[in-house]
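Protein chains in written order, with my numbering: chain X, 30 to 262; chain F, 42 to 359.
Cβ coordinates follow ideal geometry from the N, Cα and C atoms, glycine included.
These numbers were taken from a predicted model, which means no experiment stands behind them.
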Ligand SMILES: Nc1ncnc2c1ncn2[C@@H]1O[C@H](COP(=O)(O)OP(=O)(O)O)[C@@H](O)[C@H]1O
Ligand SMILES: [Mg+2]
């Protein structure tokens, strides 16, 4: 479903932040994207949600090479992707409800269906009492849950979450991971950037590991062997 | 819906209002200036459209009023500046009248009475005392008016030859040069009015386009977010178009009100000045149609220019 070949990225004239990225994500897969801070996780996410173009290499999304897409096709692809931004990017003048409803409105859904879906989802993430509140009056954790609700409300084919549990306490973080797993079971492909080792241990999914701009893939089993080896030596 | 929208006083509690814009274009400074600018534009455009229309109407009235009307002017003073005797003048006039009656091209010929002349002159002198019981005080020439069947150069030549015999100092006035000049003047004024209209429209388009692009820059993050969520260009554009529509509609109403007040004031100012050299102007249906069309045209233009400006910027985004 997603295919990167020799993808490289640099910002302006700076050094390459990502180089020779090579991987394929199957439809319905679940991956963690890990790596130390500054390794390029957010940059890779940006490439995935079509926020920037790679400076070199080939990128195919949903079977389409992005260099051959027109603006309309790009918009349609983006509608299939749900994103939880690292800094949330909620619209400050819109209520929690309207923020979550936004992607549905963009897709031209009926207002009646929007209301039902959004209310249900906000209640589920524990914000049922705060639907009309503006983001700045809510805590960081609450804002993050709005951001997550907004990303999943359209039941996207691909969900990208950039450190989505960073501001959440373990219990809510755990609950949200369950939400992602449920979404994954309905066929959504999921990539979660995180450096939360505990989380990755608990939910054992394949890992994309970024280090100095280079990517390697670890299946859970290899990860486990590595860990044992680390403990032994 | 099940959800109650908060009242105004709840806003300070961080409770949002009813959803209207994805991008908060309705808030923020600067919109008053744009509204006022569009109001002024509508006002100026209404004035210049009216001016163009009225001038057109005047030109038409002058043309039809003077067509086929020639005048013969017979001076009442000789080369030395001495007044001619009334008896001699009358004799010459009689000769001219009877000679011209022989012409087939002349339908009707008559001498203008003193009353008619003073009526003609009064708007220029603002007084009725041009004449007394002894006749006209000023050395106003005798005027003979002709209603013509034919108005060609040949006819004029024949009449001039005839006058040469009877009264060499009489002058035939075909009004053509005067009328032509007047028409040229109104024609160029009308052109100015049309140009003013065009310049105002262009200024309006640029002002709205510039304002929209700066609003876009102001809300760059929101625009980009909508874009990343897969909003098509038309979706984002619609937000700005609606904003432009609301602002320019308000401006148009303001412009109409200013114009109505202006015309009312002008009416008060001109009241009682019945005597004017200008023909009367009665607005007809076409005039009102053009008048009413102006605000709609401005609103339409501003929506289109908002669309154009926003699309222009969006095309540059990935
Ligand atoms: N918009 C940008 N312009 C220039 N450099 C950037 C930008 N975003 C990130 N970088 C650089 O790219 C590198 C990777 O950053 P990032 O992708 O945010 O890593 P991570 O999310 O893993 O912490 C860092 O060195 C960072 O300074
Ligand atoms: Mg990051």
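What is the C-beta distance between residue i and residue j, in whole angstroms, given that I count them as a contact (C-beta under 8 Å)?
i: residue 30 of chain X; j: residue 54 of chain X; result: 6 Å
i: residue 207 of chain F; j: residue 112 of chain F; result: With a Cβ gap of about 16 Å, residue 207 of chain F and residue 112 of chain F do not count as contacting.
i: residue 246 of chain F; j: residue 342 of chain F; result: 6 Å
i: residue 84 of chain X; j: residue 38 of chain X; result: 6 Å
i: residue 293 of chain F; j: residue 253 of chain F; result: Actually they are not in contact, since the Cβ atoms of residue 293 of chain F and residue 253 of chain F sit about 17 Å apart, beyond 8 Å.
i: residue 79 of chain X; j: residue 266 of chain F; result: Actually they do not touch by this definition, with Cβ atoms about 13 Å apart.
i: residue 282 of chain F; j: residue 347 of chain F; result: 5 Å
i: residue 183 of chain X; j: residue 136 of chain X; result: 7 Å
i: residue 351 of chain F; j: residue 300 of chain F; result: With 8 Å as the limit, residue 351 of chain F and residue 300 of chain F do not qualify as a contact, their Cβ atoms being about 30 Å apart.
i: residue 209 of chain X; j: residue 219 of chain X; result: 6 Å
i: residue 120 of chain X; j: residue 263 of chain F; result: 6 Å
i: residue 187 of chain X; j: residue 217 of chain X; result: 7 Å
i: residue 117 of chain F; j: residue 125 of chain F; result: 6 Å
i: residue 87 of chain X; j: residue 34 of chain X; result: 4 Å
i: residue 248 of chain F; j: residue 85 of chain F; result: With 8 Å as the limit, residue 248 of chain F and residue 85 of chain F do not qualify as a contact, their Cβ atoms being about 13 Å apart.
Is residue i near ligand 2, going by C-beta to nearest heavy atom under 7 Å?
i: residue 71 of chain X; result: yes
i: residue 356 of chain F; result: no
i: residue 93 of chain X; result: no
i: residue 291 of chain F; result: no
i: residue 282 of chain F; result: no
i: residue 116 of chain X; result: no
i: residue 142 of chain X; result: no
i: residue 191 of chain X; result: yes
Looking at ligand 1, does it come within less than 7 Å of residue i, judged from the CB to the closest heavy atom?
i: residue 58 of chain X; result: no
i: residue 66 of chain X; result: yes
i: residue 43 of chain X; result: yes
i: residue 112 of chain X; result: no
i: residue 40 of chain X; result: yes
i: residue 181 of chain X; result: no
i: residue 220 of chain X; result: no
i: residue 235 of chain F; result: no
i: residue 46 of chain X; result: yes
Mind pulling the chain B residues with CB within less than 8 Å of residue i?
i: residue 108 of chain X; result: Protein chains X and F are contained in the structure displayed, whereas chain B is not.
key: Cβ contact (3+ pairs, closer than 8 Å) linking the stretch 75–95 of chain F and the stretch 151–162 of chain X   = no
task = For the stretch 59–110 of chain X, list the beta strand (DSSP E) runs that are entirely contained and at least 3 residues long, ordered along the chain.
result = 59–63 and 85–90
ask   = Are three or more beta carbon pairs between the stretch 104–123 of chain F and the stretch 333–342 of chain F nearer than 8 Å?
value = no
inquiry  = Measuring CB atoms only, is the stretch 286–303 of chain F touching the stretch 96–104 of chain F, in the sense that at least three cross pairs come out at less than 8 Å?
reply    = no
query = Taking the runs of the beta strand (DSSP E) that are 3 residues or longer, which of them lie wholly in the stretch 136–190 of chain X?
reply = none
key: Cβ contact check for the stretch 220–227 of chain X and the stretch 37–50 of chain X: 3 or more pairs under 8 Å   = no
task = Specify whether the stretch 94–113 of chain X and the stretch 265–279 of chain F touch according to this definition: at least 3 beta carbon pairs, one from each stretch, less than 8 Å apart.
result = yes
query = Is there contact between the stretch 171–184 of chain X and the stretch 108–116 of chain X, where contact requires at least three CB pairs shorter than 8 Å?
reply = yes
task = Could I get the ranges of all uninterrupted beta strand (DSSP E) runs contained in the stretch 87–118 of chain F, with 3 residues as the minimum, in chain order?
result = 110–115
ask   = Quick check: the stretch 75–83 of chain F against the stretch 295–306 of chain F, are there 3 or more CB pairs under 8 Å?
value = yes
Contiguous alpha helix (DSSP H) assignments of at least 4 residues, all confined to the stretch 318–347 of chain F = none
query = Any contact of the stretch 145–152 of chain X with the stretch 122–129 of chain X, i.e. 3+ C-beta pairs under 8 Å?
reply = yes
task = Spell out a yes or no on whether the stretch 220–227 of chain F and the stretch 124–141 of chain F are touching, meaning 3 or more CB-CB pairs, one atom from each, closer than 8 Å.
result = no
task = Tell me the start and end of each unbroken beta strand (DSSP E) in the stretch 204–252 of chain X that is at least 3 residues and wholly inside, in chain order.
result = 218–222, 235–240 and 243–247
inquiry  = Going residue by residue through the stretch 197–284 of chain F, where are the continuous beta strand (DSSP E) segments of at least 3 residues, counting only ones entirely within it?
reply    = 212–214
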